[in-house]
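Here UniProt numbering is used: the first residue of the sequence shown is 1, the next is one more, and so on.
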Amino acid sequence: MLAQALAVAGCGDGSPASATAAPPPTVITALVWAPDWPQEMHHIAAAFTRAHPDIKVNVQFMIGNSVEENLKPRVASNQLPDLISVNPNAYAAGLAAQGLLADVSGTAAWSNMLDLLKPDWTTANGQHFGIASGVAATLIYYNKAMFQQAGVHRLPTNFDEFLAACALLKKAGLTPLILDGGFPNMLGNGPFSYGFANNVAAARPDWRRQLASGQLDLDTAETADIFAKIKLLAARGYVQHGYMNTSYDQGIRLFAEGKAAMAFEGSWAAGRLLGGKTVDAGVFIPPWNAAGKTVVPVVGSETGFAVCNTRNRAAAMLLLEFMANAGYPIQQNARHNISSMKRVDGQLLTDPQLSAYMQQVSQYASAVPPYYAFLPANSIETLHPLLQDVLSGKITPRQAARKLDASVRSASAAGRKD
Numbered sequence: 001m002l003a004q005a006l007a008v009a010g011c012g013d014g015s016p017a018s019a020t021a022a023p024p025p026t027v028i029t030a031l032v033w034a035p036d037w038p039q040e041m042h043h044i045a046a047a048f049t050r051a052h053p054d055i056k057v058n059v060q061f062m063i064g065n066s067v068e069e070n071l072k073p074r075v076a077s078n079q080l081p082d083l084i085s086v087n088p089n090a091y092a093a094g095l096a097a098q099g100l101l102a103d104v105s106g107t108a109a110w111s112n113m114l115d116l117l118k119p120d121w122t123t124a125n126g127q128h129f130g131i132a133s134g135v136a137a138t139l140i141y142y143n144k145a146m147f148q149q150a151g152v153h154r155l156p157t158n159f160d161e162f163l164a165a166c167a168l169l170k171k172a173g174l175t176p177l178i179l180d181g182g183f184p185n186m187l188g189n190g191p192f193s194y195g196f197a198n199n200v201a202a203a204r205p206d207w208r209r210q211l212a213s214g215q216l217d218l219d220t221a222e223t224a225d226i227f228a229k230i231k232l233l234a235a236r237g238y239v240q241h242g243y244m245n246t247s248y249d250q251g252i253r254l255f256a257e258g259k260a261a262m263a264f265e266g267s268w269a270a271g272r273l274l275g276g277k278t279v280d281a282g283v284f285i286p287p288w289n290a291a292g293k294t295v296v297p298v299v300g301s302e303t304g305f306a307v308c309n310t311r312n313r314a315a316a317m318l319l320l321e322f323m324a325n326a327g328y329p330i331q332q333n334a335r336h337n338i339s340s341m342k343r344v345d346g347q348l349l350t351d352p353q354l355s356a357y358m359q360q361v362s363q364y365a366s367a368v369p370p371y372y373a374f375l376p377a378n379s380i381e382t383l384h385p386l387l388q389d390v391l392s393g394k395i396t397p398r399q400a401a402r403k404l405d406a407s408v409r410s411a412s413a414a415g416r417k418d
C-alpha cells in the first residue's frame, strides 16, 4: 500500500490519488443441520454480514436423516466447508483428533457455554471441538383438552400406565400419539433413546465404557424390547394413519392442529408445540420405565457447530461467535429451546412449562443423552432403517437388536484398529 501511494505521488500530474479498490469479501460456507429453522439460519447469516460487511456466508443445509451421513462423504473427499453442524459424539471427536476441526477453547462462545455441556464437546486429549446450539431433551407434548375428554386425569408414570392412557384416548375416538415414521431421526431421539435409557443404561452404570470398547451386549431381550415398544404402539392403533410416511414437519403440524393427543418430540420444537392458539398443550416425562422403576430421562446437548481448519478458519470463527451470542436469539426465539449459553445479547423466549420440565429432570440421579451422542456414526445409519423396518413389519424386534449389536461391535473393532 505504501509503495502504491509513493508511486502515485511520484507521477506529479497534480491529480488526486484514486481510491484503492476494496478487496473482495471473504466468502465462507456453512453446512447446517436445521430441519426446523432454515429461515432463521438465513437471518443469522444476513445479520452477521451486516456486522461484518467483509464476510459473506454461503448457507447450505444438510439433508437426509443424520448429520453424520452429510459429513462422511465430504470428509472422504477432503471437501469440508468452513463451519459445520456436528453432534457431540465420537465421530466428531475423531474429526477433531484428525486435525479437521479447530479448537474453540479460546472463544467467548466456549467460555459462555453451560459448564454441564462442556464434557460433551471435549475429546479424550482435551480438545474442545464444538459449541452446542441448545440443551436437548425429548419429551411428550400432550393436548390437555383431549386428555380430559378421554378421562385421562393423571399423567402416566410408567409404560403400562402410558398404554392405558392410549387405550382411553383411542376409545374416545382420538388419535393417541404422533409417530414420525418417515423421519427415523425422531424415532431415534424419542422412543429409541428413552428405551435405551430405561432398558439398557439403567441396568448398566458402566454402559458408556462398555459400548466404546465393544463389550456392551445389545443382542438381548432388553434391546429387543426397545423396538417392540415402538411396534406395539402402532400395532394397537395408537398412532396416526399413514405414520410410516409422516415427516418431522408433518408430525409437528398434526399435533399443533389438534389432530392427536400426544407427540413425542424434542425440546427444540417447543416454539411450535407449546403456546399455540389451537391446542392448550402440556409436557411430561416419557414413561418408558417399567412399573416400580424410576424413569431415566433423556437430556444432553443439541446438535451444535464446529469450525473446520480451512483457509477461512478465522472468518468462520467469527461466525461461530456471532451464532453463540448476538445471533443466538434469532434461532432461539423461533424454537423456544433451552439455551446452551449462560448469557447472550438479546432476549430469550422459553415456555414456563419447558423450564419447569428441565428443572424436574435435573433432579434425577442419572440421565442419558440422545442416541446421536453415544452411538457410532455407522450405527446411527444402521439404526434408522431398523426402526422403520420394525414398524413396517419387515423384521422382528429381536432381529433389529441383533443387527444393532453387530453394528456397534463392528464400529468398536474398527476404532481399535485405527
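Glycine residues also receive a C-beta, built at the ideal position from the N, C-alpha and C atoms.
Problem set entry | Residues of its chain near Gln39, where Cβ-Cβ distance is below 6 Å and the 5 sequence neighbours each way are ignored | Residue 39 sits at position 39 when you count from the first residue of the sequence shown. Excluding positions up to five away in sequence, the list is empty.
Problem set entry | Of the residues Leu233, Asp120, Asn189 and His384, the one placed nearest Phe162, counting alpha carbons only | As a working note, residue 162 is residue 162 in the sequence shown. The shortest C-alpha separation from Phe162 is found at Leu233.
For this session: Check whether the segment 129-141 touches the segment 293-306, taking contact to mean three or more Cβ pairs, one atom from each stretch, closer than 8 Å.
Result: yes
Exercise. For Ser77, which three-state DSSP category applies?
Worked result: The residue given as residue 77 occupies position 77 in the sequence shown. In this structure, Ser77 counts as coil in the three-state DSSP scheme.
Exercise. Which partner residues of Val283 appear in the DSSP bridge assignment?
Worked result: The residue you call residue 283 lines up with position 283 of the sequence shown. Val283 pairs with Tyr141.
For this session: Pick helix, strand or coil for Thr49, following the three-state DSSP scheme.
Result: Residue mapping note: residue 49 aligns to position 49 of the sequence shown, counting from 1. Thr49: helix per DSSP, three-state reduction.
Exercise. Is any beta-carbon of chain B found at less than 8 Å from that of Asn78?
Worked result: Of the protein chains in the structure, only one exists, and it is not chain B.
For this session: Using only alpha-carbon positions, find the residue among Gln98, Gly64 and Val59 that is nearest to Asn78.
Result: As a position in the sequence shown, residue 78 is number 78, starting the count at 1. It is Gln98 whose Cα lies nearest to the Cα of Asn78.
Problem set entry | Beta-carbon spacing of Lys231, Leu391 below 8 Å | Here residue 231 is taken as the residue at index 231 of the sequence shown, counted from 1. Here residue 391 is taken as the residue at index 391 of the sequence shown, counted from 1. Yes, they are a contact pair.
Problem set entry | Simplified DSSP state of Ala306, which is helix, strand or coil | Looking up residue 306 in the sequence shown gives position 306. Strand.
Problem set entry | Which listed residue (Asn70, Phe48 and Thr175) has its alpha carbon closest to that of Val32 | Indexing the sequence shown from 1 puts residue 32 at position 32. When each option's Cα is compared against that of Val32, the closest is Asn70.
For this session: May I ask you to report which of helix, strand or coil DSSP gives Val296?
Result: In the sequence shown, the residue the question calls residue 296 occupies position 296. Coil at Val296, not helix or strand.
Problem set entry | Backbone CA spacing between Gly126 and Asp115 [nearest angstrom] | Your numbering for residue 126 matches position 126 in the sequence shown. Your numbering for residue 115 matches position 115 in the sequence shown. The straight-line gap from Cα to Cα measures roughly 15 Å.
Exercise. Does the pairing of the segment 390-410 with the segment 213-221 give three or more beta-carbon distances under 8 Å?
Worked result: yes
Problem set entry | Chain-order list of residues whose beta-carbon lies under 6 Å from that of Ala306 (same chain, five-residue window excluded) | Looking up residue 306 in the sequence shown gives position 306. These residues qualify, in order along the chain: Ile84, Val86, Leu101, Phe129 and Gly130.
For this session: Could you say if the segment 55-69 and the segment 373-385 meet the contact criterion of at least three C-beta pairs nearer than 8 Å?
Result: yes
Problem set entry | Length-filtered (4 minimum) alpha helix (DSSP H) runs lying within the segment 148-194 | 159-171 and 184-187
Exercise. Among Leu348, Val279 and Ala314, which has the Cα closest to the Cα of Met146?
Worked result: Counted from its first residue, the sequence shown places residue 146 at position 146. Cα-wise, what sits closest to Met146 is Val279.
Exercise. Rounded to the nearest angstrom, how far is the Cβ of Val296 from that of Ala367, given a contact under 8 Å?
Worked result: For the purposes of this step, residue 296 is taken as residue 296 along the sequence shown, with counting starting at 1. For the purposes of this step, residue 367 is taken as residue 367 along the sequence shown, with counting starting at 1. Sure, about 7 Å apart at Cβ, within 8 Å.
For this session: Please determine, among Asn112, Phe264 and Ala172, the residue with the shortest C-alpha to C-alpha distance to Met186.
Result: Here residue 186 corresponds to residue number 186 of the sequence shown, with the count starting at 1. Considering only alpha carbons, the answer is Phe264.
Exercise. Is the segment 172-186 close to the segment 249-269, with three or more CB pairs under 8 Å?
Worked result: yes
Problem set entry | 6 Å Cβ shell around Tyr91 - same chain, five flanking residues per side excluded | Here residue 91 refers to the residue found at position 91 when the sequence shown is read from its first residue. Result list for Tyr91: Glu68 and Ala377, in chain order.
Exercise. Taking just the CA atoms, how far does Phe322 sit from Ile178?
Worked result: Position 178 of the sequence shown, counting from 1, holds the residue named residue 178. Position 322 of the sequence shown, counting from 1, holds the residue named residue 322. Taking the straight line from one Cα to the other gives about 36 Å.
Exercise. Terminal residues of the continuous beta strand (DSSP E) containing Thr382?
Worked result: In the sequence shown, the residue the question calls residue 382 occupies position 382. Looking at the DSSP string, Thr382 is not in any beta strand (DSSP E); the run it does join, the alpha helix (DSSP H), is Ala377 to Ser392.
Exercise. So, helix, strand or coil for Gly94, using DSSP?
Worked result: Here the question's residue 94 lines up with position 94 in the sequence shown. Gly94: helix per DSSP, three-state reduction.
Exercise. Quick one: what's Asn58 bridged to in DSSP?
Worked result: What you label residue 58 is simply residue 58 of the sequence shown in a count that begins at 1. According to DSSP, Asn58 bridges with Thr29.
For this session: Tell me whether Gly237 is buried or exposed, calling it buried when 16 or more other Cβ atoms sit within 10 Å of its Cβ.
Result: Here residue 237 corresponds to residue number 237 of the sequence shown, with the count starting at 1. That one is exposed.
For this session: Rounded to whole angstroms, what's the CA-CA distance from Thr122 to Pro88? Just pull it up for me.
Result: Residue numbering aside, residue 122 sits at position 122 when the sequence shown is read from its first letter. Residue numbering aside, residue 88 sits at position 88 when the sequence shown is read from its first letter. Roughly 8 Å between the two C-alpha positions.
Exercise. Are there 16 or more other CB atoms within 10 angstroms of the CB of Leu6, so buried, or fewer, so exposed?
Worked result: Locating residue 6 in the sequence shown gives position 6, counting from the first residue. The predicted model places Leu6 with a pLDDT of 29, which falls under 50 and marks its position as unreliable; any figure quoted below should be read in that light. Result: exposed.
Exercise. For Ala290, does the three-state DSSP call read helix, strand or coil?
Worked result: Start at 1 with the first residue of the sequence shown, and residue 290 comes out as number 290. Looking at Ala290 - three-state DSSP - the assignment turns out to be coil, as it is neither helix nor strand.
For this session: Assign Thr107 to buried or exposed, taking buried as 16 or more other Cβ atoms, counted over all protein chains shown, within 10 Å of its Cβ.
Result: Residue mapping note: residue 107 aligns to position 107 of the sequence shown, counting from 1. That one is buried.
Problem set entry | Candidates Pro369, Leu387 and Ala46, of which the one nearest Asp120 by Cα | As a first step, residue 120 is located in the sequence shown; it is residue number 120 there, counting from the start. Nearest C-alpha to Asp120: Pro369.
Exercise. Do Thr223 and Leu387 have their C-beta atoms closer together than 8 Å?
Worked result: Reading the sequence shown from its first residue, position 223 is the one you call residue 223. Reading the sequence shown from its first residue, position 387 is the one you call residue 387. No, they are not a contact pair.
Problem set entry | Buried versus exposed, by CB contacts within 10 Å (16 or more), Thr20 | In the sequence shown, the residue the question calls residue 20 occupies position 20. By the 10 Å Cβ count, Thr20 comes out exposed.
Problem set entry | Whole-angstrom distance between Gly242 and Ala324, CA atom to CA atom | Indexing the sequence shown from 1 puts residue 324 at position 324. Indexing the sequence shown from 1 puts residue 242 at position 242. Taking the straight line joining both Cα atoms gives about 39 Å.
Problem set entry | Environment of Thr294 [buried if 16+ CB atoms lie within 10 Å] | For the purposes of this step, residue 294 is taken as the residue at position 294 of the sequence shown. Label assigned to Thr294: exposed.
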